[in-house]
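Okay, structure first, notes after.
In this note's numbering, the protein residues as written are 15 to 218.
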């Protein structure tokens with residue numbers, strides 16, 4: 015059992031799920047709303063040409079589809095995410111007092127997905143808000159009242175979360191199946207901060 019004041023902060027894409035949820039979301043929207051395909055594809059093109067940032071592209075696509083998404087659409091997409099859920103990661107935080115999903119993914123699906131999985135709080139990208147990554151993600155957690163301590167655990171796969179790993183210097187930082195590129199960036203940026211590579215929970 016983890017301490018009564020333990021806090022687990024978990025990234026979504028590449029950590030809790032084995033994939034990129036926003037890429038999946040765009041594909042889902044293209045299938046679900048054929049009439050919006052030209053607009054979505056146009057945004058994808060200008061992003062591919064690096065005319066706009068990833069965060070700007072995300073906001074434009076959310077603006078295009080948000081008025082069309084129903085509860086049923088969201089539930090169907092959440093079910094798709096369940097297909098790539100890393101159950102071993104979810105199992106490893108089951109005893110945490112507070113479970114927080116902290117992600118750059120849009121709140122339109124991150125919030126209901128986190129609720130379905132038993133998370134207590136969600137930090138995600140809001141419509142018309144900044145992309146919830148790097149220092150923005152850390153700031154949002156502070157705004158929630160998160161206090162980092164020896165009993166806080168951060169789970170991530172990506173070097174974008176270096177600010178979060180820095181903040182959790184007294185706690186446990188767990189890298190979940192990181193790429194070699196992210197691993198090297200993290201090692202270079204936080205050489206004095208301990209981290210461990212994720213090891214799946216084994217039954218007793």
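C-beta: ideal position from N, C-alpha, C; glycine also. In this text the structure is predicted, and so the values were computed from the model without any measurement.
Thinking just about the alpha-carbon of each residue, which of 142, 68, 61 is nearest to the one in residue 77? Considering only alpha carbons, the answer is 142.
Locate the alpha helix (DSSP H) running through residue 130, then write down its first and last residues. Per DSSP, residue 130 belongs to the alpha helix (DSSP H) from 121-131.
Beta carbon of residue 128 nearer than 9 angstroms to that of residue 146: No, they are not a contact pair.
So, residue 25 versus residue 123, is the Cβ gap smaller than 9 angstroms? No.
Quick check on the burial criterion: 16 or more other C-beta atoms within 10 angstroms. Buried or exposed for residue 181? Around the beta carbon of residue 181, 16 or more other beta carbons lie within 10 angstroms, which makes this residue buried.
Any contact of the stretch 24-41 with the stretch 100-119, i.e. 3+ C-beta pairs under 8 angstroms? A contact exists between the stretch 24-41 and the stretch 100-119.
Only counting the same chain, and skipping five residues up and downstream in sequence, which positions put a Cβ closer than 6 angstroms to that of residue 189? In chain order, 209, 211 place their CB closer than 6 angstroms to the CB of residue 189, counting only its own chain and leaving out the 5 sequence neighbours on each side.
Other residues of its chain near residue 183: CB distance less than 6 angstroms, five sequence neighbours each side excluded: Taken in chain order, the residues that qualify are 207.
Reduced DSSP category for residue 50 - H, G, I as helix; E, B as strand; rest coil: Three-state DSSP puts residue 50 in a helix.
Along the chain, where does the alpha helix (DSSP H) that runs through residue 93 open and close? Element bounds for residue 93: 85-96.
So what does residue 211 bridge to, in DSSP terms? As DSSP reads the structure, residue 211 sits in a beta bridge with 189.
For residue 134 and residue 48, what's the separation of their Cα atoms in angstroms? Computed Cα separation, rounded: 35 angstroms.
Apart from the five residues on each side of it in sequence, which residues of its chain come closer than 8 angstroms, Cβ to Cβ, to residue 126? Within the same chain, residue 126 has close Cβ partners 88, 89, 92.
Output the distance between the C-alpha atoms of residue 218 and residue 86, rounded to the nearest integer angstrom. Reliability of the predicted coordinates at residue 218 is poor, the pLDDT of 49 falling under 50, and no value is obtained from them.
Bridge-paired residues (DSSP) for residue 21: 112, 166, per the DSSP bridge assignment.
Residues in its own chain within less than 7 angstroms of residue 138 by CB, not counting five upstream and five downstream? Taken in chain order, the residues that qualify are 117, 119, 120, 121, 124, 125, 146.
State the DSSP-derived secondary structure class of residue 160, mapped to helix, strand or coil. Coil, per DSSP.
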